[in-house]
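In the UniProt record's numbering, the protein residues as written are 1 to 136.
Yeah, the Cβ is synthetic: ideal placement off N, Cα and C, and Gly gets one too.
Here the structure is a predicted model, which is why all the values come from computation and not from measurement.
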């Protein structure tokens, strides 16, 4: 997987891909329309952030490139790549438990906070693409 050169794009399966973990300077795209929603992405080597309709959706430190980011009623799934291990936070439903899988392996059940944020660490250094699945 390569970085998303256009910073954000719609995929044929209805998901989106975004982020470019290789940029040394901050870059952003605002008002990207997809599926009736407006997205904003800010990305570079040290951080990637996605907002949907002005609300938090995804953030990673350091920056990552994300493919096939698909939100469902019961969670979210995506492929992620980066140069270093990353702390990833996703926006989900408030105060809800989710099953988390990283590359098909059970990472346990995690609960979102009152703001609906769920944080996890993902080992990316030298790993290539890593699949993350979060669902109830």
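In angstroms, rounded to a whole number, what distance separates the CA positions of residue i and residue j?
{"i": "residue 136", "j": "residue 76", "result": "10 Å"}
{"i": "residue 87", "j": "residue 32", "result": "25 Å"}
{"i": "residue 95", "j": "residue 114", "result": "5 Å"}
{"i": "residue 134", "j": "residue 59", "result": "15 Å"}
{"i": "residue 101", "j": "residue 108", "result": "7 Å"}
{"i": "residue 62", "j": "residue 123", "result": "12 Å"}
{"i": "residue 67", "j": "residue 91", "result": "17 Å"}
{"i": "residue 12", "j": "residue 110", "result": "31 Å"}
{"i": "residue 72", "j": "residue 116", "result": "15 Å"}
{"i": "residue 3", "j": "residue 121", "result": "20 Å"}
{"i": "residue 160", "j": "residue 14", "result": "Absent from the model: residue 160. The displayed extent of the chain is 1 to 136, so no value can be given."}
Leaving out five residues on either side along the sequence, give the residues of the same chain with a beta carbon under 6 Å from the beta carbon of residue i.
{"i": "residue 119", "result": "89"}
{"i": "residue 52", "result": "37, 39"}
{"i": "residue 56", "result": "91"}
{"i": "residue 103", "result": "130, 131"}
{"i": "residue 49", "result": "42, 59"}
Nearest by alpha-carbon distance to residue i: which of the options is it?
{"i": "residue 125", "options": "81, 12, 94, 113", "result": "81"}
{"i": "residue 132", "options": "112, 69, 83, 97", "result": "69"}
{"i": "residue 54", "options": "38, 5, 103", "result": "38"}
{"i": "residue 65", "options": "52, 56, 79, 57", "result": "79"}
Please go through the same chain and pick out, in chain order, the residues whose beta-carbon is closer than 7 Å to the beta-carbon of residue i, but skip the five residues on each side of it.
{"i": "residue 10", "result": "16, 34"}
{"i": "residue 84", "result": "62, 124, 125"}
{"i": "residue 127", "result": "none"}
In this structure, what does DSSP give as the bridge partners for residue i?
{"i": "residue 101", "result": "106, 133"}
{"i": "residue 34", "result": "37"}
{"i": "residue 68", "result": "None; residue 68 has no bridge partner."}
{"i": "residue 5", "result": "In the DSSP output, where bridge partners are listed per residue, residue 5 has none listed."}
{"i": "residue 50", "result": "41, 58"}
Within its chain, find whatever has a CB closer than 8 Å to the CB of residue i; leave out the 5 residues flanking it on each side and keep chain order.
{"i": "residue 7", "result": "18, 19, 20, 27, 28, 29, 41, 43"}
{"i": "residue 98", "result": "75, 92, 109, 110, 111, 112, 118, 134, 135, 136"}
{"i": "residue 5", "result": "20"}
Would you verify that the beta carbon of residue i is, or is not, closer than 8 Å to some beta carbon of chain D?
{"i": "residue 53", "result": "Given the protein chain composition of this structure (a single chain), no chain D is represented."}
Task: At least three beta-carbon pairs within less than 8 Å, the stretch 13 to 25 to the stretch 35 to 49 - done: In short, these stretches touch, since the Cβ pair count reaches three.
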